[in-house]
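Quick note, in our numbering, the sequence shown goes up one by one and the last residue is 198.
Heads up, the beta-carbon is just placed ideally off N, CA and C, and yes, glycines get one too.
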Amino acid sequence: AYDGAIYSRILDSGFSGNIDALYVVDADTFYVSFANDNGVTNGGLTLQDEDIGLYDAGTWTLYFDGSASGLGGTGNGYDIDAISIVGTTLYFSTLGTGNVGGLGAADDADIYSYNGTAYARVFDASASGLPGNADIDGLTVQGTTYYMSFNRNGGTNVPGLGSVSDEAVVSFNGAFSLYFSGPGLTTNGHDVDAVHVP
């Protein structure tokens with residue numbers, strides 16, 4: 001967490017994997033997805049990279065079974081690497097370019113929603129002016145505003161902003177603006193790859 005001056009650790013997941021998607025409900029409730037293609041295990045729970053786990057007061061459960069919901073398969077095409085949850089709707093982006101929900105040509109900088117029954121594309125990266133090498137890897141959805149971070153060492157060319165580093169967070173509500181510049185985060189190991197904006 002970053003409060004404008006100090007960074008702090010708010011969760012030690014207990015998994016030996018890389019969290020690449022995060023949604024915070026409160027100080028003791030978190031939704032996460034992991035980057036590990038072969039899955040990660042904690043106790044009796046195994047999460048694949050297309051799954052979302054729920055941490056609630058010290059207990060882990062499977063919140064979203066990506067394989068059972070059509071996002072399974074090998075490789076990173078359907079790896080969920082950015083999530084936001086609004087009510088009962090899951091918003092997400094993927095690491096790869098799998099054909100999510102049969103919606104046609106996919107982009108790892110598109111944002112999709114899933115209401116428990118059907119998928120929809122709610123943000124089209126190319127229609128919003130993002131380049132083909134853009135990849136959203138951090139996401140928060142608040143109404144019609146999307147907060148996002150990008151996975152591109154060397155920066156992503158964002159309309160109206162120019163090159164945005166992978167440590168930064170931008171917002172989009174019809175136009176892009178810089179929300180968080182990533183102060184003090186300056187090396188490749190500091191890529192912000194999971195975002196929650198309260």
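S165 by DSSP, collapsed to three states: which one? Here residue 165 is taken as the residue at index 165 of the sequence shown, counted from 1. In this structure, S165 counts as coil in the three-state DSSP scheme.
Between the CA atoms of D107 and A175 - distance to the nearest angstrom: Position 175 of the sequence shown, counting from 1, holds the residue named residue 175. Position 107 of the sequence shown, counting from 1, holds the residue named residue 107. Near 19 Å, if we compare the C-alpha coordinates of D107 and A175.
When you compare only the Cα positions, how much space is there between G96 and D193? Reading the sequence shown from its first residue, position 96 is the one you call residue 96. Reading the sequence shown from its first residue, position 193 is the one you call residue 193. Separation of G96 and D193 (C-alpha to C-alpha, rounded to the nearest whole angstrom) is 14 Å.
Beta-carbon separation (whole angstroms), F34 vs L47, contact threshold 8 Å: For the purposes of this step, residue 34 is identified with residue 34 of the sequence shown, where counting begins at 1. For the purposes of this step, residue 47 is identified with residue 47 of the sequence shown, where counting begins at 1. Yes, they are in contact, since the Cβ atoms of F34 and L47 sit about 6 Å apart, within 8 Å.
Do T145 and F172 have their C-beta atoms closer together than 8 Å? For the purposes of this step, residue 145 is taken as residue 145 along the sequence shown, with counting starting at 1. For the purposes of this step, residue 172 is taken as residue 172 along the sequence shown, with counting starting at 1. Going by C-beta atoms, T145 is nearer than 8 Å to F172.
Proximal residues to S165 (C-beta, below 7 Å), its chain only, five neighbours per side dropped: If you number the sequence shown from 1, residue 165 lands on position 165. Once the five neighbours on either side are set aside, the close Cβ partners of S165 are G155, G182.
In the DSSP assignment, the beta strand (DSSP E) including G138 goes from what residue to what residue? The residue you call residue 138 lines up with position 138 of the sequence shown. Here the beta strand (DSSP E) through G138 covers 136 to 142.
What did DSSP end up calling V197 once you bin it into helix, strand or coil? Indexing the sequence shown from 1 puts residue 197 at position 197. V197 sits in coil when the DSSP states are folded into three classes, being neither helix nor strand.
Start-to-end residues for the beta strand (DSSP E) that takes in A21: Locating residue 21 in the sequence shown gives position 21, where the first residue counts as 1. Judged by DSSP secondary structure, A21 falls within the beta strand (DSSP E) whose first and last residues are 19 to 26.
Which residues in the same chain as A109 place their Cβ atom closer than 6 Å to its Cβ, once the five residues preceding and following it in sequence are excluded? Within the sequence shown, residue 109 is the residue found at index 109, counting from 1. Correct list, in chain order: A125, L130, A134, D135, I136.
Where do the ends of the beta strand (DSSP E) carrying S16 lie? Numbered from 1 along the sequence shown, position 16 holds the residue referred to as residue 16. Where S16 is concerned, there is no enclosing beta strand (DSSP E), because DSSP gives it neither an H nor an E.
Would DSSP call L11 helix, strand or coil? Within the sequence shown, numbered from 1, the residue matching residue 11 stands at position 11. Residue state, collapsed to three classes: coil.
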